[in-house]
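For reference, the structure discussed in these notes is given below.
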């Protein structure tokens, strides 16, 4: 890949400084102002230079070429989406039709390697700053080093889950337009390196920057552990495959490590919440009992006994942003930086126009009769608020479901004329119900990488693979139930005469296979459109050692036509990974194309996406 011209990095970093956006500034952290060129050898003088390149790393994460790949790589191939009728985008047609072409610019990985290069520059020059700036100490360097290593690991992890074997870059490149000539490293070796790096810095991550924007928008100790849990879960699933019998013990160790990392995050969030309550006096007389993980979830029921001072999970998480549940999300204010990709891909508010992606009909048309159904035909039951939050609800007869997540700041649903948070559906027809949406006025949706429910469900998934006894399986079930209950308050209401059918029953999911299926369904409901579903499906298939069950149980329901052709195209695990962009192959002879997606065309350089 060709790197962004390095003078642009220093212009971005110096621009952050000129605008007063060093990492001690909260409001203008991500502002970029144009500035004159600066050469590298004159740049790394003091801690301000270092801090501003760290700021540039976060700026890089929110730029459009990264944002669109979070969706294209993490969602487009999954069972969540179909292309909007009437939208002319051949590459998206091919992607969703399992006809991946190396000539498609969406497979360029240059943006991620630019981010990695920024991180490598920080890691290279940080020790030099200690020598040159007497006010910058080894102790001050440790959390910045942890930030850079974690951001580098995050980018490598996205690349690995998308392409499989990838170049693992730990050295920086200086020359403008220089190509990185590295061969691919096997997936498991990259995972080993990522884990080793994260383990080495997890104790050095910042625990509190002193303000909410930084605590949610920068790498913290909690976000390091959340990423570690995700990577351990992936490696455990890779080694759990029947083709990796000799690695079975390693897989079990990784599932246990995943659980331990999740426990650390949950315990820290409980600790932070407890301290906040006692400090602010939000509970008269102080806490009388220890908080639980369920107490951390923002309730949807205004009558909830939750200790959260927030009500309305969607509104707080996606509307107000930086909620108590947030662990790491990219900060976008709509003025200095925007998230225009959501308008292009999901819904353009100013034009009142549906974007390129629509929610898959199979998931949103109709209701499942009970959350305890095995092999459900629909994703949501009649009491699940997320059906209206994930997609825009127009009426019972609608045929197109546009994406609502990241578009609206507030959603209320219920009976016509009495819409409110507590007015939930009580029948299957939906003819007398409506939803009221408040859309955001600017393209200022933060992109969320990790939040509490993700950690809870990662732990539940690991439990489903590690244990067979009732006590542990029940613990995993309860983690899912807490999240489901939050979004289905009517299902657990004393006024619901059908509560036994509308609520989750442990007996249905009391086996490892049952809990695994429940976790897969709940992750799809909870993280719809958040760049996670395709990777969930790949992880599931790797664990099974085959694509058969994944296509049959999940992906196949998306395709009403040409289903057999799709099954044939996705018959191997290699087919789940994307092709290397042809220009990368041309410019780096050390790279090898994914054999599934090789073409007979002459390789030629193409424009980047």
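Numbering (this note's numbering), first residue to last: 303 to 911.
Glycine included, every Cβ here is placed at the ideal spot set by N, Cα and C.
CB-CB under 6 Å to residue 825, same chain, minus the five flanking residues each way: which ones, in chain order?
For residue 825, where only same-chain residues beyond five positions count, the Cβ hits under 6 Å are 759 and 838.
C-alpha distance - residue 361 paired with residue 452, whole-angstrom precision
The straight-line gap from Cα to Cα measures roughly 15 Å.
Going by Cα to Cα distance, which pick from 738, 777, 496 and 370 is closest to residue 533?
Checked all of 738, 777, 496 and 370; the closest Cα to residue 533 is 496.
Report the partner residues of residue 714 according to the DSSP bridge assignment.
Residue 714 pairs with 738.
Pull up the distance between the alpha-carbon of residue 371 and that of residue 439, whole angstroms please.
Approximately 37 Å, taken between the alpha carbons.
Cα-Cα separation, residue 595 to residue 572
Each residue's CA atom was taken as its position, placing residue 595 and residue 572 some 7 Å apart.
If you check the beta carbons only, do residue 293 and residue 710 fall under 9 Å apart?
Lying outside 303 to 911, the shown extent of the chain, residue 293 is not represented and no answer is given.
Among 493, 776 and 511, which has the Cα closest to the Cα of residue 537?
Its Cα nearest to that of residue 537, the residue 493 stands out among 493, 776 and 511.
Report all residues from its chain with a CB closer than 8 Å to the CB of residue 617; omit the five preceding and five following residues, and keep chain order.
Spatial neighbours of residue 617 in its own chain (CB-CB distance under 8 Å, excluding positions within 5 residues in sequence) are listed in chain order as 711, 712 and 713.
Classify residue 267 as helix, strand or coil using the three-state DSSP reduction.
Residue 267 lies beyond the stretch modelled for the chain, which goes from 303 to 911, so this question has no answer here.
Give me the Cα-Cα distance between residue 893 and residue 887, rounded to the nearest whole angstrom.
Straight-line measurement puts the Cα of residue 887 at about 6 Å from the Cα of residue 893.
What does the alpha-carbon distance come out to for the pair residue 567 and residue 535?
Between residue 567 and residue 535, the C-alpha separation is close to 15 Å.
For residue 356 and residue 885, the rounded distance between their alpha carbons
For residue 885 and residue 356, the distance between alpha carbons rounds to 29 Å.
Looking at residue 752 and residue 525, is the spacing between their C-beta atoms short of 9 Å?
Yes.
From the DSSP output, in three-state form, read off residue 411 for me.
Looking at residue 411 - three-state DSSP - the assignment turns out to be coil, as it is neither helix nor strand.
Pairwise C-alpha distance: residue 459 and residue 424
When rounded, the distance between both Cα atoms is 19 Å.
With burial defined as no fewer than 16 other Cβ atoms inside 10 Å of the residue's Cβ, what is the status of residue 614: buried or exposed?
By the 16-neighbour rule on beta-carbons within 10 angstroms, residue 614 is buried.
For residue 860, the nearest candidate out of 443, 667, 747 and 590 (CA to CA)
Closest by alpha carbon: 667.
Please name the residue in 812, 793 and 744 whose C-alpha comes closest to that of residue 766.
Selected option, being the one with the closest Cα: 812.
Over what stretch of residues does the alpha helix (DSSP H) that includes residue 753 continue unbroken?
Residue 753 -> not in any alpha helix (DSSP H); beta strand (DSSP E) instead, spanning 749 to 753.
Do you know offhand how far residue 352's Cα is from residue 900's?
Residue 352 and residue 900: Cα-Cα distance of roughly 42 Å.
Which partner residues does residue 385 have in the DSSP bridge list?
The secondary-structure analysis by DSSP pairs residue 385 across a beta bridge with 659.
From residue 509 to residue 446, what does the alpha carbon distance come to, in whole angstroms?
Cα to Cα, the separation comes out at about 12 Å.
Inspect the CB distances between the region 743 to 750 and the region 787 to 807 and report whether three or more fall short of 8 Å.
Cβ pair count under 8 Å is below three, so no.
Look at residue 840 and residue 659 and say whether their C-beta atoms are less than 9 Å apart.
No, these two residues do not count as a Cβ contact at 9 Å.
DSSP beta-bridge partners of residue 683
670.
Can you give me the C-alpha to C-alpha distance between residue 530 and residue 762, rounded to a whole angstrom?
Residue 530 and residue 762: Cα-Cα distance of roughly 16 Å.
Taking the straight line between their C-alpha atoms, what separation do you get for residue 544 and residue 844?
Our two residues, residue 544 and residue 844, have alpha carbons roughly 9 Å apart in a direct line.
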